[in-house]
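Chemist: Read top to bottom, the protein sequences are chains A and B. If you count by the working numbering, then the first sequence holds residues 129 to 832, one letter each, in order. If you count by the working numbering, then the second sequence holds residues -16 to 674, one letter each, in order. Don't be surprised by glycine CBs; every beta carbon is placed ideally from N, CA and C.
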Amino acid sequence: MLDFFVAVITALKGLFRRLFGEQWTALTAYTNRKLSELDDWARQETARSLSDLDEVPEVTFKRMVSVIVRSYPFMRPMLFHIVNIFVVGFLLTFLFTFTGAIASDMWDNKMLVNDKLQPAQSVVILVDDTYVKSEYLSDEENAAVEEAGFAGEDLTAEQRRTVRNRMLVWFFIGEVFGIVLLGFYSYYPSWVWQNVNHYLRVAMVERLEHLSLSFHHSNRAGDAIYRIYQDSSMVVNVLQEVIIGPLEDMRGLFIGILFLLAFDPMLLLVCLASFVPMTILTVKGTPIIRRLAVANRVLNSDFTSRLQETFAAIKIFKANAAEQIAFDRFEVDSQKALDAALYIRFGMILLSMLVGIIGGLTVIGLEYLVVEWTVYERATHVPSWLLVIVGYQVWNLAAYRNAEGRMNQVTGGARGFVRLWCMWQDLFIGLERAFYFLDLKPTVFDAADPTEFPKPVMSVAWRDVHYAYEEDNPVLEGVNLQADAGTITAIVGNTGSGKSTLMTLLLRLYDPTSGTVTINDVDLRALRIDDIRANVAIAMQKNVLFTGKVRDNIGFGMTRIDDEAVRRAAEIACADEFITELEDGYHTELGDRGSKLSSGQRQRLTIARAIVRDTPILILDEPTASLDARTEHRVLQNLSEWGREKVVFLITHRLSTIRNADNIAFLEDGRIVETGSHEDLMSVPDGRYRRFVEAEEIGLAEST
Amino acid sequence: MIKFMRAVIARRRVNRDVDTTQKDHSILSGFKAGAQFDDQLDTEHELTHGEAMLIVLRGAYYVRYVWKLFLAKWLLGTAIIVPGLFIGWFWKIITDHIILQQPLVADEVNFPPHMNWLLRMLEGRDPMEIMVILTTVYVIGLFLIGTRVGGTGAGLFGGRDTASNAENQISSGGSSAGGLWGIVEWWVDVRVTQRFVNAMRGNLFRRLIRSPMTTIDDHRVGDSLYRTLYDTPMVYTCLTEITFSPFYTFVGLGLTFYQLWWTYADVSIQLILLLALMLPITMITTIAPSRWIRRLSQNARAASAATTNALEQTMNNITAVQSLGGMKQEKENFAKRSAHAFWRTRIQMFPWVGVGVIIEIAGWPIGFYLSWHVTNLVIDGQLTVGDFAALFGMYMGLRGTFIGLGRLWLNIQDQAAAARRVFRFLDAPIDEDAHRGELELPPIEHDVAFENVSYTYPNGTQALKQVNLSLPFNQVIAFVGPTGSGKTSLAYLIPAFLKASEGQVRVDGHDVIEADLTSLRDQIAYIFQEHLLLSESIRSNLLIANPAATDAQLTEALTTAGCMEFIEQLPHGIDTVLGRSGDTLSVGQQQRLSIARGLIRDAKILILDEPTAALDPQTENLLVDSLRTASKGRLVVVIAHRLSTIRQADHIVFLEEGQVREVGSHDELMQRTDGPYQEFVHLQSSEAATA
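1. Does DSSP put proline 405 (chain A) in a helix, a strand or coil?
2. Suppose you measure from the CA of proline 751 (chain A) to the CA of glycine 562 (chain B); what does that come to, to the nearest Å?
3. Check the Cβ-Cβ distances between glutamine 661 (chain B) and every residue of chain A, and say whether any is below 7 Å.
4. So is leucine 181 (chain A) buried or exposed if we call it buried at 16+ other beta carbons inside 10 Å?
5. Rank B:Thr197, B:Arg143, B:Asn148 by C-alpha distance to the C-alpha of serine 318 (chain A) and give the top, closest one.
6. Among residues of its own chain, excluding the 5 on either side of aspartate 691 (chain A), which ones have a beta-carbon nearer than 8 Å to its beta-carbon?
7. In or out: glycine 722 (chain A) buried (at least 16 other Cβ within 10 Å) or exposed?
8. Check whether the segment 316 to 334 of chain A and the segment 190 to 205 of chain A touch, using three or more Cβ-Cβ pairs below 8 Å as the test.
9. Note down, in chain order, every chain A residue with its Cβ under 8 Å from the Cβ of threonine 602 (chain B).
10. I need the DSSP call for histidine 80 (chain B), collapsed to helix, strand or coil.
11. For methionine 298 (chain B), return the contacting residues in chain A, with the cut-off set at a CB-CB distance below 8 Å.
12. Of the residues that make up the segment 94 to 125 of chain B, which ones have a beta carbon closer than 8 Å to any beta carbon in chain A?
13. Is the shortest distance between the beta-carbon of isoleucine 527 (chain B) and the beta-carbons of chain A less than 7 Å?
14. Identify, in the order they occur along the chain, each residue of the same chain with its Cβ nearer than 8 Å to the Cβ of glycine 487 (chain A), setting aside the five sequence neighbours on each side.
15. Give the DSSP-derived three-state secondary structure of glutamine 445 (chain B) in the structure shown.
16. Between proline 602 (chain A) and histidine 594 (chain A), how many whole angstroms is the CB-CB distance? I'm expecting something under 8 Å.
17. Around the Cβ of tyrosine 357 (chain A), are there at least 16 other Cβ atoms within 10 angstroms (buried) or fewer (exposed)?
18. Among the candidates B:Thr290, B:Lys448, B:Arg178, whose CA atom is the shortest distance from the CA of aspartate 467 (chain A)?
19. In the DSSP assignment, what residue or residues form a beta bridge with arginine 799 (chain A)?
20. Along chain B, in chain order, which residues have C-beta atoms closer than 9 Å to that of glycine 311 (chain A)?
21. Can you pull the chain B residues whose beta carbon is under 7 Å from the beta carbon of tryptophan 321 (chain A), in chain order?
22. Select from A:Thr708, A:Glu711, A:Val694, A:Val411 the residue whose C-alpha is nearest the C-alpha of alanine 736 (chain A).
23. Apart from the five residues just before and just after threonine 438 (chain A), which ones in its own chain have a Cβ nearer than 8 Å to its Cβ?
24. Work out the CA separation of phenylalanine 474 (chain A) and leucine 163 (chain A) for me, nearest whole Å.
25. What three-state label does DSSP hand aspartate 410 (chain B) in the structure shown?
26. Grouping DSSP H, G and I as helix and E and B as strand, with all else coil, what is tyrosine 504 (chain A)?
27. On the CB-based measure, 16 or more other CB atoms within 10 Å of its CB, does valine 460 (chain A) come out buried or exposed?
28. Count the other C-beta atoms from every protein chain shown that fall within 10 angstroms of the C-beta of glutamine 631 (chain B), then say buried if there are 16 or more, exposed otherwise.
29. State the DSSP-derived secondary structure class of asparagine 435 (chain B), mapped to helix, strand or coil.
30. On a CA-only basis, which of B:Tyr213, B:Ile166, B:Gly486, B:Asp200 is nearest valine 180 (chain B)? Give me that one, please.
31. Is there at least one Cβ from chain A nearer than 7 Å to threonine 656 (chain B)'s Cβ?
32. Is the beta carbon of histidine 806 (chain A) closer than 7 Å to that of arginine 787 (chain A)?
33. Find the residues of chain B that neighbour threonine 502 (chain A), judging by a C-beta separation of less than 9 Å, and give them in chain order.
34. Listing by chain order, which chain B residues have their CB less than 7 Å from the CB of tyrosine 496 (chain A)?
35. Do you know how far the Cα of aspartate 633 (chain B) is from the Cα of leucine 666 (chain B)?
36. Could you tell me which of A:Glu605, A:Asn365, A:Thr138 sits nearest to aspartate 797 (chain A), measuring between CA atoms?
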């Protein structure tokens, strides 16, 4: 058997070589060259864009299964509906095929050709026995029919019209039914699959928001947008296109194979033999397609990032008259993204064209053979028991038609599968990229058995805290500091000395590399992150405002916004005065990034945001840098009044502010080098703080 | 395996907080006009039919960008119809004249006339000989035009929303041919679409980044992204819908007539006339819903853009979100918008399905009449059973064609809505529109003067009133005043970020309005309060400001701004890539980098908005010193609150409520008792003293 198989292939190969050797060699050479060019391109671009090549998603069978399994949780809430869609869909297809078969029999064979009905058919259109074939009637009934003058095997013209009319009524009913279903079944699956995609998107966003900042610092915002918008959408295709669709196609292929086997095993064998080069081509091409798919997604994500970053920083390009530079960069990235989208598809097309040519040649060759057999009326291999049903003992027109259809089905099916295979590569790479986010573990996470947040807060302390963003570049190197309730601690030090970092550790945005941060001597790591952040309020140095109303910005992060509390907080931050002058007061919509306001106003909103949360711990990071002296003075006075029972941290360069603090901690080279009140520290001869104050005073003195 | 699956499934609880069902919105409410999303600029989005028509035509006019490729695509697509006219008849030859072995005589068989020359070639040959010829044609055709294989196309999977289908829309391409021809035509098709969309995107991008300062704040980044990426592809679809679609429909119709003429001449005329009725019926049916489709499409896009906004904002401000414990709120915000956008996308189906149903119902009388009429003819023996099948097949095909033509207007609505979103920002004024000055400014050397300058914001707030001021070169000038006193507005007037509502701003006597914008801005470096850094290397952040800067210049600017000390500690020095929005650096470091970026431009006028706010006194002193040095041959304007910075300025301009109260050096102003500046200083120092 195998010998025969090999012989057939060799013979075909020889024949083929002789006929189309030159063209084929040229074509394959061209294709090979083109594909390897594309492959190199994909590798280069991907490598340029991803710092870490390990991130390139691999598509192996195991991972495909894993991706499918991992999609399941997002389908589970919709499971009932998904099953519903497929079951109802299947039943409807069945119903339509079944009724269609009956209808076409009645319409064509009975009404048009003129023949009497089957008994069941007469029931459906409510006609009497005179329409029914005599063989299904009892003798008395036949006698009655004869008596009525409707004997014989034909319908009268009048009867045919009646059948036609009643069938038209049924068609009408069917149409109405069909239309209702059409409407419902175009909406229903959309709802279901959109929900599935939605759950995945939300899960991705949720995970991203909880990932630590070090992740966000090294990843572009545009990439997250691309993954959540584009990559995640592939989840809607997993069930239909990877599992159910191919199964349906398989059914067609299987039937085709059975038919061919029945006609002539030789036909089947040649068709199957054509699968061999198809498979070889696909196996060779797949890694390239895969890399092109990765390049496509990566470069399109880069393009999205480029746009996002430019749009977010338009001012910079404008101020530097660098619009042209921005546009040039846009052009480069845009072209790359478009090229990538073209190349992956070109790869697919080359592959499916080659596969198509193999399939086409097979069919054309076999068709010639079959036509010859038909002309000479060669016997088929249809087994004798089947001949009772179909009249294909020798090759005839119907047999030729049928065989041709089946050959096309088999080779076309294989070609379709190759195409689908290519699309799968892209689909799985998309999903891998989406699930990549879900796989990332936040480095800061809740303890398995968190302790209750200690109340009231008595003290906050850093004990021998070390921290480094990057391994060789330590920021904090053994910080020891304690702050008690009812005190204001000013953190002083040069730009970049780690003041803000110290505070982010208190918020648990990061965990210290070693040492502990404690509240009432409880390690922060034992507490729930949400509890910590609910009890620590921060007014940040960067005055980040969100799009939305003034009121929502002040109440950001709160579950319930109390308008009265918002107003009171705004008053303390001296923001109430300008808010009430805005068009819609507290309901004024702020522009993107809140930049409709002057920076002094933004800063006061940020302060109000920290105040409104009324937490036992308050951090003010450069709270007054953009305020004029008068406003600053008022804000600070209000704050010291308001924060009497709290632990307050103040990061600032302004001497006037620093002096008011109960305790000053001077941070240098990652350590607290001096602590104490202003007077204490000023009395240290040649102390670091004293030198710092003097530097500021020189600035003042020079011009007075 | 099962264990693994269980583990995977058990690990995730899917969050169902907000699902896409919009319980508080009835579907009808989705059809209402005037839905508003968080867009501040594009709030009027209803279109009349006339406006929609204009938009479509305008979209089509952009064909000029790609007309050569477009023509090539057209020719390739049209030419490929020809071989089909021949090869399509091969099956009949194989059936009738090879398998059934009927004699083949050119003028006696029922073929359309164009087949005659081919038939003459085959005339009188042995059936298997004919088969050899046909097979050879098939094989050659297979390589050239993909005979027996079908068309070329390369769609990848898309999702259930608009955004995830945009890429396919641009890059799938298509050809009705296979083989070599198919690849060529496909390539041309993809490229023509890509070029067109790229040009549209480029135009839009160029306009967006040139938006005037007054509207930049109102642009949502996510919305701009959405328009550039996902709305632009629809403009090309507009173009094909009004060119290719009707053209090929008519060609198809013509060919059908031609081929049918030789088979069912009498009946087909009646049939065609009857079916032509579908055209007006469809057109009338689609007029009302086309307005809804436009509106729903616009709203679905706006809702999706709002989702992008939410996502972009969270990602870009993640530090703030996490510090303030806003994760849950932001997630819910995103979930709510995502759900709403999906709902909006979904309800777009209703008018389509509705129109489909109405057209279907409108077609029933014709269909039923035809069935009734032709079956009567069959029953009466005037037509055969085969004729019914052929005619019914024709009915279905032609019906589709006529409905397609009638729906043309309807089909374009979705694209018109998207195209409007693109054109909305293409038409929005940019700096260059309001500023038509052409004067090439010579290097500025003397001064900047404000003459009776007033400025009123578009919303009516008056920021500056009657400012008269001269800022001479070789000086450091400080703008001082309470928050909201108009300092930044005044500074914005110099590089024409804002245009004076009254009066003139002159540099060396030239009104800035008359100056060419590039020649003006090239000489001014403006350093903003917000430290906007790109997540690129420090070097390329600086090179944006001056692409020609040498390494020595870079180092000099970085040293002056006090950046070198921390850059030297970074693992890759000046080539260190910054995190998102520069967040890997401390705010003070970001500020210093922003200043260095301003210095590297070596501009004649240097404006710094609050440059020292986040700096420690030492760095501040160094910076102010270097600014003083830099002011030789330049004008340095500093907006500041810090006394220590202000005092060192040569001139102080004290602003209050949009008016210049006092001008002079620190000493001069301090001598005026009861002057507002003196009071301002007094407050700061007294505060310092009382502590």
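Modeler: According to the structure data:
1. Along the first sequence, read from residue 1 onward, the residue named residue 405 (chain A) stands at position 277. Shown here, proline 405 (chain A) sits in a helix according to DSSP, grouped into three states.
2. Looking up residue 751 (chain A) in the first sequence gives position 623. Looking up residue 562 (chain B) in the second sequence gives position 579. Between proline 751 (chain A) and glycine 562 (chain B), the C-alpha separation is close to 24 Å.
3. Within the second sequence, numbered from 1, the residue matching residue 661 (chain B) stands at position 678. Not an interface residue.
4. On the first sequence, position 53 is the one that residue 181 (chain A) refers to. With a pLDDT of 44 at leucine 181 (chain A), under the threshold of 50, the modelled position of this residue cannot be trusted; read the value that follows with caution. Classification of leucine 181 (chain A): exposed, given that the 10 Å Cβ count is below 16.
5. Position 190 of the first sequence, counted from the start, is the residue given in the question as residue 318 (chain A). With distances taken between Cα atoms, serine 318 (chain A) lies closest to B:Arg143.
6. Here residue 691 (chain A) refers to the residue found at position 563 of the first sequence. In its chain, beyond the 5 residues on either side, Arg679, Tyr714 have a beta carbon closer than 8 Å to the beta carbon of aspartate 691 (chain A).
7. The residue you call residue 722 (chain A) lines up with position 594 of the first sequence. Confidence at glycine 722 (chain A) is low in this model, with a pLDDT of 48, below 50, so its placement is unreliable and the value that follows should be read with caution. So glycine 722 (chain A) counts as buried.
8. yes
9. Residue mapping note: residue 602 (chain B) aligns to position 619 of the second sequence, counting from 1. In chain order: Asn622, Thr623.
10. By one-based count along the second sequence, residue 80 (chain B) stands at place 97. In this structure, histidine 80 (chain B) counts as helix in the three-state DSSP scheme.
11. Within the second sequence, residue 298 (chain B) is the residue found at index 315, counting from 1. Within chain A, the residues near methionine 298 (chain B) are Leu336, His344, Ala349, Ala352, Ile353.
12. If the cut-off is 8 Å between Cβ atoms, the segment 94 to 125 of chain B has Pro110, Met111, Met114, Val115, Thr118, Tyr121, Val122, Leu125 near chain A.
13. The residue you call residue 527 (chain B) lines up with position 544 of the second sequence. Yes, its Cβ sits closer than 7 Å to a Cβ of chain A.
14. Translated into positions along the first sequence, residue 487 (chain A) becomes position 359. Correct list, in chain order: Ser402, Met406, Thr539, Gly540, Ala542, Arg543.
15. In the second sequence, counting from the first residue as 1, residue 445 (chain B) sits at position 462. Three-state DSSP puts glutamine 445 (chain B) in a strand.
16. Taking the first residue of the first sequence as position 1, residue 602 (chain A) is located at position 474. Taking the first residue of the first sequence as position 1, residue 594 (chain A) is located at position 466. Indeed they touch by this definition, with Cβ atoms about 7 Å apart.
17. Start at 1 with the first residue of the first sequence, and residue 357 (chain A) comes out as number 229. Buried, since its Cβ has 16 or more Cβ neighbours within 10 Å.
18. Sequence index remark: in the first sequence, residue 467 (chain A) carries index 339 (1-based). The option with the nearest alpha carbon to aspartate 467 (chain A) is B:Arg178.
19. Walking along the first sequence from the start, residue 799 (chain A) turns up at place 671. According to DSSP, which records beta bridges pairwise, arginine 799 (chain A) is partnered with A:Glu796.
20. Translated into positions along the first sequence, residue 311 (chain A) becomes position 183. Under the 9 Å cutoff, chain B gives Met332, Phe333, Val336, Gly337, Gly339, Val340.
21. Within the first sequence, residue 321 (chain A) is the residue found at index 193, counting from 1. Going along chain B in sequence order, the residues near tryptophan 321 (chain A) (Cβ under 7 Å) are Arg143.
22. As a first step, residue 736 (chain A) must be located in the first sequence, where it is residue number 608. Checking every option, the nearest Cα to that of alanine 736 (chain A) belongs to A:Val694.
23. In the first sequence, counting from the first residue as 1, residue 438 (chain A) sits at position 310. Only Phe445, Ala454, Arg457, Phe458 meet the Cβ criterion.
24. Here residue 163 (chain A) corresponds to residue number 35 of the first sequence, with the count starting at 1. Here residue 474 (chain A) corresponds to residue number 346 of the first sequence, with the count starting at 1. Cα to Cα, the separation comes out at about 9 Å.
25. Start at 1 with the first residue of the second sequence, and residue 410 (chain B) comes out as number 427. In the structure shown, aspartate 410 (chain B) sits in coil (DSSP, three-state: anything other than H, G, I, E or B).
26. For the purposes of this step, residue 504 (chain A) is taken as the residue at position 376 of the first sequence. DSSP places tyrosine 504 (chain A) in coil when its eight states are reduced to three.
27. The residue labelled residue 460 (chain A) in the question sits at position 332 within the first sequence. When all chains shown are included, valine 460 (chain A) counts as exposed.
28. By 1-based counting over the second sequence, the position of residue 631 (chain B) is 648. Buried is the call here.
29. The residue labelled residue 435 (chain B) in the question sits at position 452 within the second sequence. Residue state, collapsed to three classes: strand.
30. As a first step, residue 180 (chain B) must be located in the second sequence, where it is residue number 197. Closest option to valine 180 (chain B), Cα to Cα, is B:Tyr213.
31. By one-based count along the second sequence, residue 656 (chain B) stands at place 673. Chain A contact via Cβ: absent.
32. As a position in the first sequence, residue 787 (chain A) is number 659, starting the count at 1. As a position in the first sequence, residue 806 (chain A) is number 678, starting the count at 1. Against a cut-off of 7 Å, the Cβ pair of histidine 806 (chain A) and arginine 787 (chain A) comes out as a contact.
33. Numbered from its first residue, the first sequence carries residue 502 (chain A) at position 374. Result: Ile81, Ile82.
34. Reading the first sequence from its first residue, position 368 is the one you call residue 496 (chain A). The answer, in chain order, is Met114, Thr118.
35. What you label residue 666 (chain B) is simply residue 683 of the second sequence in a count that begins at 1. What you label residue 633 (chain B) is simply residue 650 of the second sequence in a count that begins at 1. Roughly 21 Å between the two C-alpha positions.
36. Stepping through the first sequence from its first residue, residue 797 (chain A) is reached at position 669. It is A:Glu605.
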